[in-house]
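What follows is one structure encoded as structure tokens, with my remarks underneath.
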């Protein structure tokens, strides 16, 4: 257990995979976040995964994380409103066996392994971590294509996007294709920190973030 930390909808403290479960337990969240360095539980039913705590995350007094887990009536705590109960996963569950450790925002952080961004995939070359939004898609608009698959990998996306100039992986299970970028801009690679659902050795973007290839 790492501690109780702040969290907000606009600036998430853990930016990897997210699951919602009315029967959430600490063990269930840990299993969902296998492959990440950290997991956090919020408001009784929300589970967040990440490679490290965002710089805006602040350690809070333990009494602020007081919400009972939705699936555990034995007294286990799952954060609270805008509060995360954060846990550190064993190193054999992390994306990289070799890592450096530091403390960010008062909490544990494991450096993101850049090698999980495949430099080349089936003729595509990694370009950048790129912003995206549901309101204005960077890829996959009127002249693009979109695939959602719980077995998503970089290779699967490359095969689906064959013939398009760009491909982008987002939120672990989404693949977008297109011949031009309609919106967005490059951001630090650390913001693309979601592991691919089909291969936890690879990164597949993040919330509103594309692992962009050209």
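Numbering (UniProt numbering), first residue to last: 1 to 214. In this text, a Cβ means the ideal position worked out from N, Cα and C, and glycines have one as well. Treat the numbers as computed from the prediction; the structure is a model and nothing was measured.
With residue i as the anchor, note down where its beta strand (DSSP E) starts and where it stops.
i          : result
residue 30 : No beta strand (DSSP E) holds residue 30; the alpha helix (DSSP H) holding it covers 26 to 32.
residue 88 : 83 to 88
Are residue i and residue j closer than 8 Å when you measure CB to CB?
i           : j           : result
residue 129 : residue 172 : no
residue 218 : residue 168 : Examination of residue 218 is not possible in this model, given that the chain is present from 1 through 214 alone.
residue 69  : residue 44  : yes
residue 145 : residue 124 : no
residue 164 : residue 181 : no
residue 140 : residue 178 : yes
residue 176 : residue 210 : yes
residue 121 : residue 197 : no
So what does residue i bridge to, in DSSP terms?
i           : result
residue 80  : 83
residue 20  : 46
residue 38  : 50 and 88
residue 6   : 83
residue 120 : 125
residue 12  : None, per the DSSP bridge assignment.
Identify, in the order they occur along the chain, each residue of the same chain with its Cβ nearer than 7 Å to the Cβ of residue i, setting aside the five sequence neighbours on each side.
i           : result
residue 66  : 77 and 80
residue 199 : 153
residue 208 : 131, 132 and 133
residue 82  : 6, 7 and 8
Within the same chain, show all residues whose beta-carbon is closer than 8 Å to that of residue i, passing over the 5 residues directly before and after it, in chain order.
i           : result
residue 89  : 30, 33, 34, 36, 37, 38 and 39
residue 114 : In this predicted model, residue 114 has a pLDDT of only 46, less than 50, meaning its place in the structure is not dependable; the value taken from the coordinates is given anyway. Once the five neighbours on either side are set aside, the close Cβ partners of residue 114 are 189.
Cutting at 6 Å between CB atoms, please list the residues of its own chain near residue i, excluding the five before and the five after it.
i          : result
residue 56 : 11
residue 16 : 36, 49, 50, 193 and 194
residue 23 : 70 and 71
Runs of alpha helix (DSSP H) wholly within the UniProt domain "WSC" (123 to 214) (minimum 4 residues, chain order): 154 to 160
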